[in-house]
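>
Number of protein chains: 2
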Amino acid sequence: MARSDQTQTAVLGALSIMPMSGYALREEIKNTLGHFWSESFGQIYPALAELQREGLVRRQDDVSGRSSPYDITAAGTARLLELLSEPPQHNKPRNGVLLRLFFGRQLGPAACRRLILEARVQAEQQLASMTAARAELAGGELGANIPYALITITAGEHSARATISWATDALAILADAEHAPAASSDTPGGTPATPPATSPAIVPAAAT
Amino acid sequence: MARSDQTQTAVLGALSIMPMSGYALREEIKNTLGHFWSESFGQIYPALAELQREGLVRRQDDVSGRSSPYDITAAGTARLLELLSEPPQHNKPRNGVLLRLFFGRQLGPAACRRLILEARVQAEQQLASMTAARAELAGGELGANIPYALITITAGEHSARATISWATDALAILADAEHAPAASSDTPGGTPATPPATSPAIVPAAAT
DNA sequence: CGCTACATGTAAGGTGTTACATGATTCC
DNA sequence: GGAATCATGTAACACCTTACATGTAGCG
Numbered sequence: 001m002a003r004s005d006q007t008q009t010a011v012l013g014a015l016s017i018m019p020m021s022g023y024a025l026r027e028e029i030k031n032t033l034g035h036f037w038s039e040s041f042g043q044i045y046p047a048l049a050e051l052q053r054e055g056l057v058r059r060q061d062d063v064s065g066r067s068s069p070y071d072i073t074a075a076g077t078a079r080l081l082e083l084l085s086e087p088p089q090h091n092k093p094r095n096g097v098l099l100r101l102f103f104g105r106q107l108g109p110a111a112c113r114r115l116i117l118e119a120r121v122q123a124e125q126q127l128a129s130m131t132a133a134r135a136e137l138a139g140g141e142l143g144a145n146i147p148y149a150l151i152t153i154t155a156g157e158h159s160a161r162a163t164i165s166w167a168t169d170a171l172a173i174l175a176d177a178e179h180a181p182a183a184s185s186d187t188p189g190g191t192p193a194t195p196p197a198t199s200p201a202i203v204p205a206a207a208t
Numbered sequence: 209m210a211r212s213d214q215t216q217t218a219v220l221g222a223l224s225i226m227p228m229s230g231y232a233l234r235e236e237i238k239n240t241l242g243h244f245w246s247e248s249f250g251q252i253y254p255a256l257a258e259l260q261r262e263g264l265v266r267r268q269d270d271v272s273g274r275s276s277p278y279d280i281t282a283a284g285t286a287r288l289l290e291l292l293s294e295p296p297q298h299n300k301p302r303n304g305v306l307l308r309l310f311f312g313r314q315l316g317p318a319a320c321r322r323l324i325l326e327a328r329v330q331a332e333q334q335l336a337s338m339t340a341a342r343a344e345l346a347g348g349e350l351g352a353n354i355p356y357a358l359i360t361i362t363a364g365e366h367s368a369r370a371t372i373s374w375a376t377d378a379l380a381i382l383a384d385a386e387h388a389p390a391a392s393s394d395t396p397g398g399t400p401a402t403p404p405a406t407s408p409a410i411v412p413a414a415a416t
């Protein structure tokens with residue numbers, strides 16, 4: 001049981017804040033937890049079905065089945081507390097951008113620069129959306145959950161800012177490498193090698 | 209084809225730096241890419257088999273099968289470039305710590321504080337290991353790949369530092385919430401509840 | 001009347017992990 | 001000789017996404 005249940009945790013948690021339909025659950029998870037969590041329909045509906053079987057969740061209008069929201073039960077709240085108390089299992093990291101950059105010598109400096117700039121743009125967007133989320137907090141239905149939401153929003157902001165300032169450093173490292181290429185070594189075959197006679201002017205995006 | 213191939217990318221990339229056995233591949237991936245990538249044996253061996261079938265990789269001592277390292281071929285290098293050129297597919301985020309903190313009202317402030325402190329400890333360890341990795345860089349076999357490795361190490365450092373400073377902010381938010389709990393709402397059943405007493409003030413989080 | 005959003009589900013398929021099975025080599 | 005490490009693989013399972021299938025409700 002303790003194996004995954006991560007979906008159950010997210011679903012029960014969301015329902016602990018307010019009753020919702022499966023559809024709304026997915027929307028909420030996407031909008032509110034989006035920057036650190038995700039679930040798809042293919043997981044939410046089976047999870048809801050199982051939770052209902054176990055009596056951790058019920059539909060308010062149980063008989064008619066007519067689009068009534070799911071509601072967490074007392075047993076469900078207890079289970080949620082259990083799940084939340086388990087040690088967090090951290091994901092295997094898989095960062096496609098860093099993977100590509102690590103093998104950047106094969107890819108060439110120009111493509112690397114593009115990857116970094118793209119990552120920076122995304123981080124800036126994330127930062128903006130975190131700021132927006134922070135503004136919306138007061139108007140929302142979160143009540144006493146607000147400080148906890150704020151903690152996650154702050155995490156998103158720190159993470160986005162870290163990416164932005166990393167991008168600056170990374171561009172500088174790339175530029176240095178091009179000006180003073182490591183003495184040894186063949187340039188790898190077939191790649192769009194750096195042209196001779198460069199005048200790159202790397203756009204180092206202002207001071208640190 | 210463009211679907212996953214992420215494992216192929218990592219394997220070919222690693223072999224583009226130096227020939228290795230499957231076992232060594234896993235070690236290298238764990239040690240060197242560990243902070244942003246991971247692969248398990250169950251993926252590496254099948255991937256190697258397929259790459260060999262496709263002629264992208266070969267064993268230097270093909271006949272005897274005697275623990276000779278795998279070696280990337282010219283075709284393999286070309287394929288690697290292709291794979292690296294594909295747009296990076298970012299993972300669905302799944303941060304167990306933030307999930308637990310978001311539903312922190314159910315979990316209680318004490319447990320939340322523990323989670324944050326634990327995350328900070330891990331980030332400090334990561335930061336230390338990044339520093340160590342940076343020191344080892346010069347001594348390693350990476351050659352012209354050094355600047356690229358440096359870019360990923362820098363990413364790890366920024367990320368770790370972001371987590372550390374987030375932890376500070378998060379603890380402050382938690383403390384504020386306990387001093388001035390949000391006005392409305394029932395405290396959830398069973399949890400180590402926050403005391404009553406009101407004063408809305410949403411805590412706009414300390415200076416950046 | 002058709003488009004969009006709400007709503008619920010399933011089936012197929014890909015991805016990735018774990019545990020098991022096996023054996024060689026090296027070092028103490 | 002026994003332990004640790006190197007080395008290779010597989011099979012079962014868990015997880016998750018995608019695409020499909022279906023239907024309702026409201027609105028312009």
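So the sequences go chain by chain: A and B.
Just so you know, we're using the numbering used here here: the first sequence kicks off at 1 and counts up by one.
Just so you know, we're using the numbering used here here: the second sequence kicks off at 209 and counts up by one.
For every residue, glycine included, the Cβ atom is placed at its ideal position computed from N, Cα and C.
1. Please report how far the alpha carbon of Leu-25 of chain A lies from the alpha carbon of Pro-46 of chain A, in whole angstroms.
2. Please classify Val-219 of chain B as buried or exposed, where buried requires at least 16 other C-beta atoms within 10 Å of its C-beta.
3. List the residues of chain B whose Cβ lies closer than 7 Å to the Cβ of Thr-7 of chain A, in chain order.
4. By the DSSP assignment, the alpha helix (DSSP H) with Asp-377 of chain B in it spans what residues?
5. Step through the CB atoms of chain B and report whether any lies within less than 8 Å of the CB of Lys-92 of chain A.
6. Pair every Cβ in the region 76 to 96 of chain A with every Cβ in the region 31 to 44 of chain A, then say whether three or more of these pairs are closer than 8 Å.
7. Under the assumption that Ala-375 of chain B contacts Arg-328 of chain B (Cβ atoms under 8 Å), give the Cβ distance between them as a whole number of angstroms.
8. Do we get a CB-CB distance below 8 Å when we pair Phe-249 of chain B with the residues of chain A?
9. Starting from the beta carbon of Ile-29 of chain A, find every residue of chain B whose beta carbon is closer than 9 Å, and list them in chain order.
10. If you measure from the beta carbon of Leu-358 of chain B to each beta carbon in chain A, is any gap under 8 Å?
11. In this structure, does DSSP put Met-226 of chain B in helix, strand or coil?
12. Which class does Arg-308 of chain B belong to by DSSP, given the choice of helix, strand or coil?
13. What are the start and end residues of the alpha helix (DSSP H) that includes Arg-134 of chain A?
14. To which residues does DSSP link Ile-237 of chain B through a beta bridge?
15. Out of B:Ile-324, B:His-366, B:Gln-216, B:Glu-365, state which residue places its alpha-carbon closest to the alpha-carbon of Ala-286 of chain B.
16. Cutting at 7 Å between CB atoms, please list the residues of its own chain near Ser-161 of chain A, excluding the five before and the five after it.
17. Interface residues of chain A around Ser-246 of chain B at Cβ under 8 Å?
18. Exposed or buried, Gly-104 of chain A, counting other C-beta atoms within 10 Å across all chains shown (16 or more means buried)?
19. Apart from the five residues on each side of it in sequence, which residues of its chain come closer than 8 Å, Cβ to Cβ, to Leu-345 of chain B?
20. Does the Cβ-Cβ distance between Leu-48 of chain A and Gly-76 of chain A come in under 8 Å?
21. So with CB distances below 7 Å, who are the chain B contacts of Ala-155 of chain A?
22. Could you list which residues in chain A have their beta carbon closer than 7 Å to that of Ala-218 of chain B, in chain order?
23. Quick check: is the beta carbon of Met-1 of chain A nearer than 8 Å to any beta carbon in chain B?
24. Round the Cβ separation of Val-305 of chain B and Pro-88 of chain A to the nearest angstrom and send it over; I've been treating them as touching at under 8 Å.
25. Cβ atoms of Val-265 of chain B and Thr-281 of chain B: under 8 Å apart, would you say?
26. Please tell me whether Gln-330 of chain B and Leu-84 of chain A are closer than 8 Å, where the distance is taken between their beta carbons.
27. Would you call Ala-133 of chain A buried or exposed, if buried means 16 or more other Cβ atoms sit within 10 Å of its Cβ?
28. Which bits of chain B does His-35 of chain A rub up against, with CB to CB less than 7 Å?
29. Looking at the unbroken beta strand (DSSP E) that takes in Arg-267 of chain B, where does it start and where does it end?
30. What number of angstroms, rounded off, separates the C-alpha of Ala-343 of chain B from the C-alpha of Leu-350 of chain B?
31. Measuring only the C-alpha atoms, how far is Thr-163 of chain A from Arg-59 of chain A?
32. Decide if Asp-377 of chain B is buried, meaning its Cβ has at least 16 other Cβ atoms within 10 Å, or exposed.
33. Should Arg-113 of chain A and Leu-174 of chain A be called a contact, given that it needs their Cβ atoms to be closer than 8 Å?
34. Could you give the residue range of the alpha helix (DSSP H) that holds Pro-46 of chain A?
35. At what residues does the beta strand (DSSP E) containing Asp-71 of chain A begin and finish?
36. Going by the CB atoms, is the gap between Glu-365 of chain B and Met-338 of chain B shorter than 8 Å?
A quick look at the data gives this:
1. Answer to the nearest angstrom: the Cα atoms are 13 Å apart.
2. Around the beta-carbon of Val-219 of chain B, 16 or more other beta-carbon atoms lie within 10 Å, marking it buried.
3. Residues of chain B with a Cβ closer than 7 Å to the Cβ of Thr-7 of chain A do not exist; the shortest Cβ-Cβ separation is about 10 Å.
4. Start and end: 354 to 387.
5. Chain B contact via Cβ: present.
6. The region 76 to 96 of chain A vs the region 31 to 44 of chain A: no contact.
7. So it is a contact: roughly 4 Å between Cβ atoms.
8. At a cut-off of 8 Å between beta-carbon atoms, Phe-249 of chain B makes no contact with chain A.
9. Listed along the chain, the chain B residues whose CB falls inside 9 Å of the CB of Ile-29 of chain A amount to none; the nearest CB is some 10 Å away.
10. Chain A contact via Cβ: present.
11. DSSP places Met-226 of chain B in coil when its eight states are reduced to three.
12. In this structure, DSSP gives Arg-308 of chain B a helical state, which the three-state scheme calls helix.
13. Its alpha helix (DSSP H) spans residues 109 to 137.
14. The bridge partners DSSP lists for Ile-237 of chain B come to none.
15. Comparing Cα-Cα distances from Ala-286 of chain B to each of B:Ile-324, B:His-366, B:Gln-216, B:Glu-365, the minimum goes to B:Gln-216.
16. It is worth fixing the name first, because residue 161 of chain A is Arg in this sequence and not Ser. If we look at Arg-161 of chain A and ignore the five residues flanking it on each side, its Cβ neighbours are Leu-127.
17. Listed along the chain, the chain A residues whose CB falls inside 8 Å of the CB of Ser-246 of chain B are Lys-92, Pro-93, Arg-94.
18. Around the beta carbon of Gly-104 of chain A, 16 or more other beta carbons lie within 10 angstroms, which makes this residue buried.
19. Excluding positions up to five away in sequence, the list reads Ile-354, Ala-357, Leu-358, Ile-361.
20. In this structure, Leu-48 of chain A keeps its C-beta atom at 8 Å or more from the C-beta atom of Gly-76 of chain A.
21. In chain order, Leu-306, Trp-374 make up the part of chain B whose C-beta sits under 7 Å from the C-beta of Ala-155 of chain A.
22. Taking a Cβ-Cβ cut-off of 7 Å, the neighbours of Ala-218 of chain B in chain A comprise Leu-99, given in sequence order.
23. Confidence in Met-1 of chain A is poor, its pLDDT being 39 and thus under 50, which makes the residue's placement too unreliable to answer from.
24. Yes, Val-305 of chain B and Pro-88 of chain A are in contact; Cβ-Cβ is about 5 Å, under 8 Å.
25. Contact flag set, yes.
26. The beta carbons of Gln-330 of chain B and Leu-84 of chain A sit no closer together than 8 Å.
27. By the neighbour-count rule (16 or more Cβ atoms within 10 Å), Ala-133 of chain A is buried.
28. The answer, in chain order, is Pro-301.
29. Per DSSP, the continuous beta strand (DSSP E) segment holding Arg-267 of chain B begins and ends at 265 to 267.
30. Each residue's Cα considered, the two are about 13 Å apart.
31. Straight across, the Cα-Cα distance linking Thr-163 of chain A with Arg-59 of chain A is about 43 Å.
32. Counting Cβ neighbours within 10 Å, Asp-377 of chain B comes out buried, since at least 16 surround it.
33. The Cβ atoms of Arg-113 of chain A and Leu-174 of chain A sit closer than 8 Å to each other.
34. Residues 41 to 53.
35. Membership of Asp-71 of chain A in the beta strand (DSSP E) is indicated by the continuous run 70 to 72.
36. At a Cβ-Cβ threshold of 8 Å, Met-338 of chain B and Glu-365 of chain B count as neighbours.
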